[in-house]
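Going down the list, the sequences are from chains P and H.
Sequential numbering of the first sequence, starting at 1, is according to this note's numbering.
Sequential numbering of the second sequence, starting at 1001, is according to this note's numbering.
Virtual Cβ for every residue (Gly too), placed ideally from N, Cα, C.
Have a look at the structure below, then the notes.
2 protein chains.
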Amino acid sequence: MRDVFDALAEPARRAILDELRVRDGRVVGELVERLGLSQTSVSKHLKVLRNAGLVTTLVEGQQRRYLLRPEGMREVEDWLAPHRAFWERRFDDLADHLDRTYPEEGP
Amino acid sequence: MRDVFDALAEPARRAILDELRVRDGRVVGELVERLGLSQTSVSKHLKVLRNAGLVTTLVEGQQRRYLLRPEGMREVEDWLAPHRAFWERRFDDLADHLDRTYPEEGP
DNA sequence: AGGAAACATGCCTTGACGGGCATATTCCTT
DNA sequence: AAGGAATATGCCCGTCAAGGCATGTTTCCT
């Protein structure tokens, strides 16, 4: 079972997530058509996304509807949050520096 | 040249970034010691991180100091932002639902 | 100058991943 | 029951990444 970061490393998988974000609850066929990938590929990528906890499946007769699972992003968010804090502080420092260097002005 | 998501997929590389976040500007030897990885491995991971734009090198004599490059995370943030918007909306919806289902109460 | 320190890099091997094809599975239709 | 639709999965193959080892490169020290 691979983790979330691993799942997000693949462009096709991010594309699938984007597609679901625009319209959640698509069935495999729709994704295949919209992304121009093979059905095999899409199914496999969906499996990875499911194992990573990023999507859920809803069985509907012979088709399966895929839904985003927001909690799946939690792990990413948790890792990213401290880093965001770090870099925002850095940008603030830069802004301060610029303010002191070019008071009341832009560079 | 691999992209940021690819770079972040490797646990060792995230560990390096964490290490730099705690104390920015470490030299390779420090990272090797603190992470318990081989020097070869660390150097290679640093190369990937540099190519991804996540760190910069500062040459200091025979050692090289590595610094976080916050702008590198931009790509991740840009991709993530719409998704965060999505899942926060979902959580709000869930909260609303709970509020209507258990008014003035917790479940 | 000679040697050690601190990193980087080339080579090799192993393992994992993604793609495609064929096939299995499940369900619907008639 | 039979056939077809919608997905999943097993297998094979090519590619690529990660780890380890040895070696190269640059810089410092004496």
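Residue 1063 of chain H sits in a strand when the DSSP states are folded into three classes.
Nearest to residue 1011 of chain H by C-alpha distance, out of P:75, P:33, P:59 and P:14, is P:75. Cβ proximity to chain H below 8 Å picks out 73, 76, 77, 79, 80, 82 and 83 from the region 72-83 of chain P. Taking 8 Å as the cut-off, the Cβ atoms of residue 9 of chain P and residue 1085 of chain H do not count as close. Between residue 1068 of chain H and residue 1017 of chain H, the C-beta gap is smaller than 8 Å, which places the two residues in contact.
Taking a Cβ-Cβ threshold of 7 Å, the residues of chain P close to residue 1090 of chain H are 70, in chain order. Nearest Cα to residue 63 of chain P within the set P:27, P:97 and P:92: P:27. Boundaries for residue 71 of chain P: no alpha helix (DSSP H) harbours it, and the DSSP string shows neither H nor E there. Taken residue by residue, none of the region 22-54 of chain P has a beta-carbon sitting less than 7 Å from a beta-carbon on chain H.
For residue 1050 of chain H, the enclosing alpha helix (DSSP H) has its first and last residue at 1039-1051.
In this structure, DSSP gives residue 58 of chain P an extended state, which the three-state scheme calls strand. Residue 17 of chain P reaches chain H at 1083, counting residues in chain order whose Cβ is nearer than 8 Å. A direct Cα-Cα distance of roughly 25 Å separates residue 90 of chain P from residue 1035 of chain H. Beta bridge pairing from DSSP links residue 1026 of chain H with H:1066.
Between residue 73 of chain P and residue 83 of chain P, the alpha-carbon positions lie close to 16 Å from each other.
Straight-line spacing of the CA atoms in residue 57 of chain P and residue 19 of chain P works out to 15 Å. When the Cα atoms are used, residue 1007 of chain H and residue 71 of chain P turn out to be separated by approximately 23 Å. In the three-state scheme derived from DSSP, where H, G and I count as helix and E and B as strand, residue 1003 of chain H is classed as coil. Taking the CA atoms as reference points, residue 1039 of chain H sits about 14 Å from residue 1066 of chain H. Here the alpha carbons of residue 49 of chain P and residue 93 of chain P stand approximately 38 Å from one another. Distance from the CA of residue 1045 of chain H to the CA of residue 1005 of chain H, rounded to the nearest whole angstrom, comes to 14 Å.
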